[in-house]
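Offset between the sequence shown (1-based) and the numbering used here: plus 1052. Glycine is no exception: its CB is placed at the ideal position from the N, C-alpha and C atoms.
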Amino acid sequence: MQRPSWDEYFMQIAHVVAERATCPRRSVGAVIVLDKRILATGYNGAPRGLAHCTEVGCHIVAGHCLRALHAEQNAILQAALNGVFTRGATLYATCQPCNHCTKMIINAGIVRVVFEGDYPDEFALQLFAEAGLALERFYEGELIPVDLTLWKPPHGLSHHPYPLPTGERADEGHLEGG
1053 MQRPSWDEYF MQIAHVVAER ATCPRRSVGA VIVLDKRILA TGYNGAPRGL AHCTEVGCHI
1113 VAGHCLRALH AEQNAILQAA LNGVFTRGAT LYATCQPCNH CTKMIINAGI VRVVFEGDYP
1173 DEFALQLFAE AGLALERFYE GELIPVDLTL WKPPHGLSHH PYPLPTGERA DEGHLEGG
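Structure, rendered in structure tokens:
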């Protein structure tokens, strides 16, 4: 029997974590790792102590379930809840993170994301490119680096998902978050 690589090992664990998901629409698992040690895990489901979608149904708005946290969010929050630092860590997820999770990943100091399944979110790819994070797809036991050069804006410029009003510049602060 051949031992799995570390990436295979942590991706397998992410799949086991996904089995705990309580979303009937999609089961996703995430594992945060630093120096080959698991820091936190998360799966998609309702916040702690609240009814799960499997119990009360999904509250869907614009194609998204409002009741459930995403697996990546849950893993980051579990680390924070327990005082675990995630700076410099790798996050393994059973699908590509969405733009909301990507923003949390960036702010959590996670520097590398390995994912398996697709989740079509072009803005998330732009965020990965702008932040300079490593994004790799795990496919049939191999790591494939995601080419983010198509998503990276020229130096000093920032892409926006919608055009700016005439005469306004992105660096004036009206589009920037906290």
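Hey, how far is the Cα of residue i from the Cα of residue j?
i     : j     : result
I1251 : L1185 : Residue 1251 cannot be examined here, being either before or after the span of the chain that is shown, 1053 to 1230.
V1198 : S1057 : 20 Å
A1073 : T1146 : 12 Å
M1156 : Y1144 : 14 Å
F1180 : E1060 : 22 Å
V1166 : H1116 : 23 Å
A1176 : V1136 : 25 Å
Q1130 : E1071 : 17 Å
A1098 : C1110 : 10 Å
A1120 : G1081 : 13 Å
N1231 : K1204 : Residue 1231 lies beyond the range of the chain shown here (1053 to 1230); nothing can be said about it.
For residue i, count the other beta carbons within 10 Å of its own beta carbon; 16 or more makes it buried, fewer makes it exposed. Which is it?
i     : result
V1069 : buried
T1201 : exposed
T1106 : exposed
Put residue i into one of helix, strand or coil per three-state DSSP.
i     : result
L1118 : coil
Y1247 : The question about residue 1247 has no answer here: the residues shown for the chain are numbered 1053 through 1230.
T1146 : strand
L1187 : strand
I1162 : coil
Would you please state the rounded distance, in angstroms, between the beta carbons of residue i and residue j? I believe it to be under 8 Å.
i     : j     : result
L1086 : A1141 : 4 Å
Any 3 or more C-beta pairs closer than 8 Å across the stretch 1093–1111 and the stretch 1119–1139: yes
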